[in-house]
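**Student:**
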Amino acid sequence: MMGRQDIEKLIADIQQEQIQAALNASDRPESEEVYKEIGRAKGLAYVIGLLKEKLHS
4 MMGRQDIEKL
14 IADIQQEQIQ
24 AALNASDRPE
34 SEEVYKEIGR
44 AKGLAYVIGL
54 LKEKLHS
């Protein structure tokens with residue numbers, strides 16, 4: 004079972020991945036990779052939402 008601190012660290016790590024996805028997308032404004040990075044960031048946002056729900060329950 005994950006403790007509160009573990010979940011908070013996981014959220015922070017995932018948020019860092021979101022930032023990296025955004026930076027990757029901005030580096031390739033004319034590329035198909037942009038859509039992959041945007042999808043990745045959206046997926047990570049969903050996971051963060053689930054983890055935050057777990058923290059509050």
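According to the numbering used here, the sequence shown is numbered sequentially starting from 4.
A virtual CB, placed ideally from N, CA and C, is assigned to each residue, including glycine.
Give me, in chain order, the residues of the same chain whose beta-carbon lies closer than 7 Å to that of residue 35; leave out the 5 immediate sequence neighbours on both sides.
**Tutor:** Counting from one through the sequence shown, the residue named residue 35 turns up at place 32. Once the five neighbours on either side are set aside, residue 35 has no close Cβ partner at all.
**Student:** Rounded to whole angstroms, what is the Cα-Cα separation between residue 50 and residue 31?
**Tutor:** Start at 1 with the first residue of the sequence shown, and residue 50 comes out as number 47. Start at 1 with the first residue of the sequence shown, and residue 31 comes out as number 28. Straight-line Cα distance between these residues: approximately 25 Å.
**Student:** Excluding the five sequence neighbours on either side, which residues of its own chain have a C-beta within less than 8 Å of the C-beta of residue 17, listed in chain order?
**Tutor:** The sequence position of residue 17 within the sequence shown is 14, counting from 1. Closer than 8 Å at the Cβ level, and outside the excluded window around residue 17, lie 47, 50, 51 and 54.
**Student:** Could you give the first and the last residue of the continuous alpha helix (DSSP H) run that contains residue 20?
**Tutor:** Reading the sequence shown from its first residue, position 17 is the one you call residue 20. Segment 7-30, the alpha helix (DSSP H) holding residue 20.
**Student:** In the DSSP assignment, the alpha helix (DSSP H) including residue 40 goes from what residue to what residue?
**Tutor:** Reading the sequence shown from its first residue, position 37 is the one you call residue 40. From DSSP, the alpha helix (DSSP H) with residue 40 extends over 36-59.
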